[in-house]
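**Student:** Line order of the protein sequences matches chains A and B.
Just so you know, the first sequence maps onto residues 1 to 381 in UniProt numbering.
Just so you know, the second sequence maps onto residues 1 to 275 in UniProt numbering.
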Amino acid sequence: MGIKGLTKLLADNAPKCMKEQKFESYFGRKIAIDASMSIYQFLIVIGRTGVETLTNEAGEVTSHLQGMFTRTIRLLEAGIKPVYVFDGAPPDLKKQELAKRYSKRADATEDLAEAVETGDKEGIEKYSKRTVKVTKQHNDDCKRLLRLMGVPVVEAPSEAEAECAALCKNDKVYAVASEDMDSLTFAAPRFLRHLMDPSSRKIPVMEFDVAKVLEELELTMDQFIDLCILSGCDYCDSIRGIGGMTALKLIRQHGSIEKILENINKERFQIPEIWPYQEARRLFKEPVVTCADQQPDLKWTSPDEEGIVAFLVNENGFNNERVLKGVEKIKAAKNKSSQGRLESFFKPTASVSVPMKRKETSTKPTKEAANKKSKGGRRKK
Amino acid sequence: MLELRLIQGSLLKKVLEAIKDLVTEANFDCSATGFSLQAMDSSHVALVALLLRSEGFDHYRCDRNLSMGINLNNMSKMLRCAGPEDIITIKGDDGTDTVTFMFESQKQDKISDFEMKLMDIDSEHLGIPDAEYQAIVRMPSAEFARICKDLGSIGDTVVISVTKEGVKFFTRGDVGSANIVCRQNTSVDKPEDSTVIEMNEPVSLTFALRYMNSFTKATTLSEVVTISLSSELPVVVEYKIAEMGYIRFYLAPKIEDEDEEMVPQNQADVKAEPA
Numbered sequence: 001m002g003i004k005g006l007t008k009l010l011a012d013n014a015p016k017c018m019k020e021q022k023f024e025s026y027f028g029r030k031i032a033i034d035a036s037m038s039i040y041q042f043l044i045v046i047g048r049t050g051v052e053t054l055t056n057e058a059g060e061v062t063s064h065l066q067g068m069f070t071r072t073i074r075l076l077e078a079g080i081k082p083v084y085v086f087d088g089a090p091p092d093l094k095k096q097e098l099a100k101r102y103s104k105r106a107d108a109t110e111d112l113a114e115a116v117e118t119g120d121k122e123g124i125e126k127y128s129k130r131t132v133k134v135t136k137q138h139n140d141d142c143k144r145l146l147r148l149m150g151v152p153v154v155e156a157p158s159e160a161e162a163e164c165a166a167l168c169k170n171d172k173v174y175a176v177a178s179e180d181m182d183s184l185t186f187a188a189p190r191f192l193r194h195l196m197d198p199s200s201r202k203i204p205v206m207e208f209d210v211a212k213v214l215e216e217l218e219l220t221m222d223q224f225i226d227l228c229i230l231s232g233c234d235y236c237d238s239i240r241g242i243g244g245m246t247a248l249k250l251i252r253q254h255g256s257i258e259k260i261l262e263n264i265n266k267e268r269f270q271i272p273e274i275w276p277y278q279e280a281r282r283l284f285k286e287p288v289v290t291c292a293d294q295q296p297d298l299k300w301t302s303p304d305e306e307g308i309v310a311f312l313v314n315e316n317g318f319n320n321e322r323v324l325k326g327v328e329k330i331k332a333a334k335n336k337s338s339q340g341r342l343e344s345f346f347k348p349t350a351s352v353s354v355p356m357k358r359k360e361t362s363t364k365p366t367k368e369a370a371n372k373k374s375k376g377g378r379r380k381k
Numbered sequence: 001m002l003e004l005r006l007i008q009g010s011l012l013k014k015v016l017e018a019i020k021d022l023v024t025e026a027n028f029d030c031s032a033t034g035f036s037l038q039a040m041d042s043s044h045v046a047l048v049a050l051l052l053r054s055e056g057f058d059h060y061r062c063d064r065n066l067s068m069g070i071n072l073n074n075m076s077k078m079l080r081c082a083g084p085e086d087i088i089t090i091k092g093d094d095g096t097d098t099v100t101f102m103f104e105s106q107k108q109d110k111i112s113d114f115e116m117k118l119m120d121i122d123s124e125h126l127g128i129p130d131a132e133y134q135a136i137v138r139m140p141s142a143e144f145a146r147i148c149k150d151l152g153s154i155g156d157t158v159v160i161s162v163t164k165e166g167v168k169f170f171t172r173g174d175v176g177s178a179n180i181v182c183r184q185n186t187s188v189d190k191p192e193d194s195t196v197i198e199m200n201e202p203v204s205l206t207f208a209l210r211y212m213n214s215f216t217k218a219t220t221l222s223e224v225v226t227i228s229l230s231s232e233l234p235v236v237v238e239y240k241i242a243e244m245g246y247i248r249f250y251l252a253p254k255i256e257d258e259d260e261e262m263v264p265q266n267q268a269d270v271k272a273e274p275a
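1. Under 8 Å, with one C-beta from each stretch per pair, do the stretch 162-177 of chain A and the stretch 293-300 of chain A reach the 3-pair mark?
2. What's the gap between the Cα of GLY255(A) and the Cα of ILE229(A)?
3. Rounded to whole angstroms, what's the CA-CA distance from LYS359(A) to GLY95(B)? Just pull it up for me.
4. Using the C-alpha atoms, what's the distance from LYS81(A) back to LYS299(A)?
5. Going by DSSP in three states, SER200(A) sits in which element: helix, strand or coil?
6. At a cut-off of 6 Å, is PHE101(B) close to the ligand NAD when judged by its beta-carbon and the heavy atoms of the ligand?
7. Between which two residues does the alpha helix (DSSP H) carrying ILE44(A) extend?
8. So for SER31(B), helix, strand or coil by DSSP?
9. Could you give the first and the last residue of the continuous beta strand (DSSP E) run that contains LEU112(A)?
10. Ends of the alpha helix (DSSP H) at GLY241(A)?
11. Which one of GLU161(A), THR53(A), GLU179(A) and GLN21(A) has the shortest CA to CA distance from THR7(A)?
12. Taking the straight line between their C-alpha atoms, what separation do you get for MET149(A) and TYR26(A)?
13. Mind listing, in chain order, the continuous alpha helix (DSSP H) runs of no fewer than 4 residues lying wholly within the stretch 90-166 of chain B?
14. For ALA211(A) and ALA166(A), what's the separation of their Cα atoms in angstroms?
15. Just to check my reading of the structure: ILE3(A) and CYS164(A) have Cβ atoms closer than 8 Å, yes? What is that Cβ distance to the nearest angstrom?
16. Closer than 7 Å, CB to CB, is ASP113(B) near chain A or not?
17. Grab me the residues of ALA82(B)'s own chain with a C-beta within less than 7 Å of its C-beta, minus the 5 sequence neighbours each way, in chain order.
18. Kindly list, in the order they appear in chain B, the residues whose Cβ is closer than 8 Å to that of THR349(A).
19. Under the rule that 16 or more other beta-carbon atoms within 10 Å means buried, what is LYS188(B), buried or exposed?
20. Does the contact criterion of 3 or more C-beta pairs under 8 Å hold for the stretch 247-265 of chain A versus the stretch 30-50 of chain A?
21. Can you tell me the Cβ-Cβ gap for THR171(B) and SER177(B), rounded? I've got them flagged as a contact below 8 Å.
22. Could you check what DSSP says for MET212(B) in three-state terms: helix, strand or coil?
23. Are any of the Cβ atoms in chain B nearer than 7 Å to that of GLN339(A)?
24. Quick check: GLY28(A) and GLY79(A), are their CB atoms within less than 7 Å of each other?
25. So, does the CB of GLU360(A) fall closer than 7 Å to a CB anywhere in chain B?
26. Please list the terminal residues of the continuous alpha helix (DSSP H) segment that includes SER10(B).
Here you go:
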């Protein structure tokens, strides 16, 4: 899932690319959300203990609807305008990864059966999480619900993350929200994590700025993509023995995967026999997405109250009162006028003052840094 | 080298109390002309601009333009340690990462030095153009604070409208609505108590009361507040600081959603009717 260890790598090497933001400060912003990822989370988290899940009378799972309904209302109430992007057909390369996940799930299913038989509660909890799968039915249910709620739905031709990034690049949305670090590799200019986390967890939204990532890592976008492939992505294996940190060092030293392959010790590092890194690179660089002029205009409309009640209450056994309350909340959020921002009135200028703290001659900070290091070293001893 | 001595140290204390809830960290800029600050709140809806001109200080030395990144909460904690009558001196040196606040009691029998760590703050500086405002209201600051507080207990937003009759503050909430009108009033004993309205054009704008109530924390700095309004511009709420400068708050108005909302809404209404 995503890029291995990228969050930590960035936290260590490019701390300025990420900043914590309050959930509330995204009012009025259009945000593209990777729907499949969200649905997967809902299925795992909401109303599930062991093998028991939230279901309707017919025994079909409804956790995803519950999650989609409440979290989307939370976004709308905060004045955020969400757009949900659904996965299309996966690229061929990802099929391998998907096959792997499939077999893992099959294993987990077996393990789960065993755990249920032996009554191993921890095992049930563990394996049932792993057997969760987002089906087409789940996706279709959520699309139907979102449309009834008046929230736009985009169907990506291929990967949802790539489509989200494309929407953001073309200024159709302000930022991309996902839990998958892939979004950065797809060069989404602004990328948010933890936007969909429940408010009870009180985790601030983490905003990543891809331009700052490149600036601080001192890499070009192409080099960053290579770094992500080396770190481990969904599309191909990585080289054993090379993790994020080594990959960053190698990319900085050699500039591209080709050059690295020419230069590294092939005995020490086993390069996979079939290693379609060029294909993977192409998928990140030129993913299959809807081109700019064909991206639909995103519209947020009033909720269809009757439709929502019919779908959630009548078909899926939701509590009528709670659904109606939810619809009221959407309507109230619609009617609120939105808060303007100062940037739309005043333009940024450069400040003329020199920071007192940072204005140190180039020798000083290095000395200080050296001092600090030596101090740290001493303490260790 | 930086050394600013302010006889009326309480002014600085009041300034900090007025802005620290709106902005948590900011860069103070020092130049030959004065000590200033510009900062936005985290959601970029409100901006505070502070200026204390160099003439207002008892002693003012600033060799070159410097900025100091400061956590305002921490600075406020330190300034609270100064007595109400104390003289405050701000001292700093190029290339150090601390600033010193020195408090001298009036009788010079107690001198306290508080040293505070500075921080690196990336802040955007916004260029604020001089604009002609459609309406300018000058009124007693305590009166304005009272209105904002009262309306805040009823609703979330205030509609401020200026007409020939006066300035109207209106809010609506779950419990009901409130409407306060202040008429022009210059027949008072003290000029500070007067309400003066200069209007070129009637104007009406909507603002979040939460921010207005935060601005009124500056009420202790001045008996008069000036509110400048123009449609299409943020409101300016200004408090003068004892002949030496000002603190100005800019607040972006609430705007009606420009796009797409209307048509589907009507459709929904039509659909709802037969049922």
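We treat Cβ as the ideally placed atom computed from N, Cα and C, and that holds for glycine.
**Tutor:** Reading from the atomic positions:
1. As far as the Cβ criterion goes, the stretch 162-177 of chain A touches the stretch 293-300 of chain A, which means the pair count is three or higher.
2. Roughly 13 Å between the two C-alpha positions.
3. With a pLDDT of 43 at LYS359(A), under the threshold of 50, the predicted position of this residue should be treated as unreliable, though the coordinate-derived value follows. Taking C-alpha positions only, LYS359(A) is separated from GLY95(B) by approximately 5 Å.
4. Approximately 9 Å between the Cα atoms of the pair.
5. Looking at SER200(A) - three-state DSSP - the assignment turns out to be helix.
6. Here there are no bound small molecules, and the ligand NAD is not part of this structure.
7. Counting along the chain, the alpha helix (DSSP H) containing ILE44(A) begins and ends at 35-45.
8. In the structure shown, SER31(B) sits in coil (DSSP, three-state: anything other than H, G, I, E or B).
9. Per DSSP, LEU112(A) belongs to no beta strand (DSSP E); it is in the alpha helix (DSSP H), 92-118.
10. No residue range can be given for GLY241(A), since it is assigned to no alpha helix (DSSP H) and is classified by DSSP as neither H nor E.
11. Ranking the options by Cα distance to THR7(A), first place goes to GLU179(A).
12. Answer to the nearest angstrom: the Cα atoms are 20 Å apart.
13. If we require 4 residues or more, the alpha helix (DSSP H) runs fully inside the stretch 90-166 of chain B come out as 141-152.
14. Looking at the two C-alpha atoms, the distance is approximately 15 Å.
15. Wrong, their Cβ atoms sit about 16 Å apart, outside the cutoff.
16. No, ASP113(B) lies away from the interface with chain A (no Cβ there is under 7 Å from its Cβ).
17. Beyond the five residues adjoining it in sequence on each side, ALA82(B) comes within less than 7 Å, by CB distance, of GLY9, LYS13, ILE88 and PHE103 in the same chain, given in chain order.
18. Within chain B, the residues near THR349(A) are HIS125, LEU126 and GLY127.
19. One detail in the question is off: residue 188(B) reads as Val in this sequence, not Lys. VAL188(B) is exposed by the Cβ-count criterion.
20. Touching, no, given that fewer than three Cβ pairs across the two stretches are closer than 8 Å.
21. So it is a contact: roughly 7 Å between Cβ atoms.
22. Reduced to three states, the DSSP call for MET212(B) is helix.
23. Chain B contact via Cβ: present.
24. When the beta-carbon positions are compared, GLY28(A) and GLY79(A) come within less than 7 Å of each other.
25. For GLU360(A), the predicted structure reports a pLDDT of 42, less than 50, and the residue's modelled location is therefore unreliable. The matter cannot be settled from this model.
26. That run of the alpha helix (DSSP H) goes 10-19.
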